[in-house]
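Q: In the working numbering, the protein residues as written are 140 to 427.
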Ligand SMILES: NC(=O)c1ccc[n+]([C@@H]2O[C@H](COP(=O)([O-])OP(=O)(O)OC[C@H]3O[C@@H](n4cnc5c(N)ncnc54)[C@H](OP(=O)(O)O)[C@@H]3O)[C@@H](O)[C@H]2O)c1
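#1: From residue 365 to residue 204, what does the alpha carbon distance come to, in whole angstroms?
#2: Beta carbon of residue 391: closer than 7 Å to some heavy atom of ligand 1?
#3: Quick check for students: name the residue ranges of the alpha helix (DSSP H) that lie wholly in the region 349-385, counting only runs of 4 or more.
#4: Starting from the C-beta of residue 318, find all residues in its chain whose C-beta is less than 6 Å away, skip the five residues before and the five after it, and write them out in chain order.
#5: So does residue 395 have its beta carbon nearer than 7 Å to some heavy atom of ligand 2?
#6: Between the Cα of residue 262 and the Cα atoms of 244, 224, 284, which residue gives the shortest distance?
#7: Between which residues of its own chain and residue 186 is the CB-CB distance below 8 Å, once the five residues before and five after are set aside?
#8: How would you label residue 379, buried or exposed, when you count the other beta carbons within 10 angstroms and need 16 or more for buried?
#9: Where does the unbroken beta strand (DSSP E) through residue 328 begin, and where does it stop?
#10: How many Å lie between residue 202 and residue 254 at the Cα?
#11: Below 8 Å on the Cβ atoms is my contact criterion, and I expect residue 341 with residue 363 to pass it. Report the Cβ-Cβ distance as a whole number of Å.
#12: On the CB-based measure, 16 or more other CB atoms within 10 Å of its CB, does residue 222 come out buried or exposed?
#13: Assuming residue 288 and residue 410 make a contact with CB atoms under 8 Å, what is their CB distance in whole Å?
#14: Can you look up residue 247 in the DSSP assignment and give me helix, strand or coil?
#15: Mind checking which residues open and close the beta strand (DSSP E) that includes residue 239?
#16: Which residues bound the beta strand (DSSP E) around residue 147?
#17: Can you list, in chain order, the residues of its chain whose CB lies under 6 Å from that of residue 249, leaving out five sequence neighbours each side?
#18: Tell me whether residue 195, by its Cβ, gets closer than 7 Å to a heavy atom of ligand 1.
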């Protein structure tokens, strides 16, 4: 990975943190795009020291703010002429419905709309980087998602898990459409399920009562470690044998069939159009 520039979101915790560790060790030029800069700077220093790789840096990115995503894209394009791997890893799970400053539902905004806008903005630099890859961290939960294009803000009915599952279904549909649109450019787009991983995403309550803490402990005890959870991301992001592979979904480092709702091409295109409208993203002309 010595000649490769990698941009990773959500590196400050869980799977992202271990993905960052693997990429630092592999010698990549690594940009950690994070919302908590204190945590990110500490991680950056730790990784530089442990891996003896000085080519690691931090940039501010809050995916739940369209303004922040646009600012990030401008700053990245102004400072980088190459991007070989974009890893959309950051994600959230919200038990209660919340709205962002843009009036978007927070789970959909963080997990899907933010990455959609980010990726569209970075296409110009991805297409000029040989063998570029987009890696979207999805979840097997996508199979339980339902998308109502007239209610992507989930105003009618909200519940934590269905909202999360729907955001992951959106990622699956989007990844397929991305792969299709990028076919001629050589940039690939794939998604993956990391496994059930014991990370902070399962800390469902900000101040858990004793029985909630116990529930989380019981829930996460059989799960795999963040390091094991990062394996599939690292594989899809770096494996030489995956050069040219696009539109695929990986579980445990292997391609897995994509369930029918995520293969609905009419829905993929319709979701894309609504997402462009809601985020203001514009698809670059050179890969139209
Ligand atoms: N854990 C699992 O079992 C599991 C299963 C399937 C899929 N996944 C997916 O794996 C990915 C990583 O999750 P994880 O389990 O490692 O969770 P995690 O430990 O909670 O890490 C989530 C990361 O996303 C970042 N993040 C959250 N909201 C953000 C925002 N608005 N802007 C920028 N960054 C933001 C967090 O930053 P802070 O440090 O600032 O909070 C953190 O770095 C997610 O996409 C998740 O949906 C996880």
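Beta carbons are placed, not taken as given, at the ideal position from N, Cα and C, and that holds for glycine. None of the values given here were measured: they were computed from a predicted structure.
A: Inspection of the coordinates gives the following:
#1: 27 Å
#2: no
#3: 349-359, 365-368, 370-377
#4: 328, 385, 386
#5: This structure simply doesn't include ligand 2; it includes ligand 1 instead.
#6: 224
#7: 159, 160, 163, 169, 192, 195
#8: exposed
#9: 327-332
#10: 7 Å
#11: That pair is no contact at about 13 Å.
#12: buried
#13: 7 Å
#14: helix
#15: No beta strand (DSSP E) contains residue 239, which DSSP labels as neither H nor E.
#16: 144-148
#17: 202, 203, 231
#18: no
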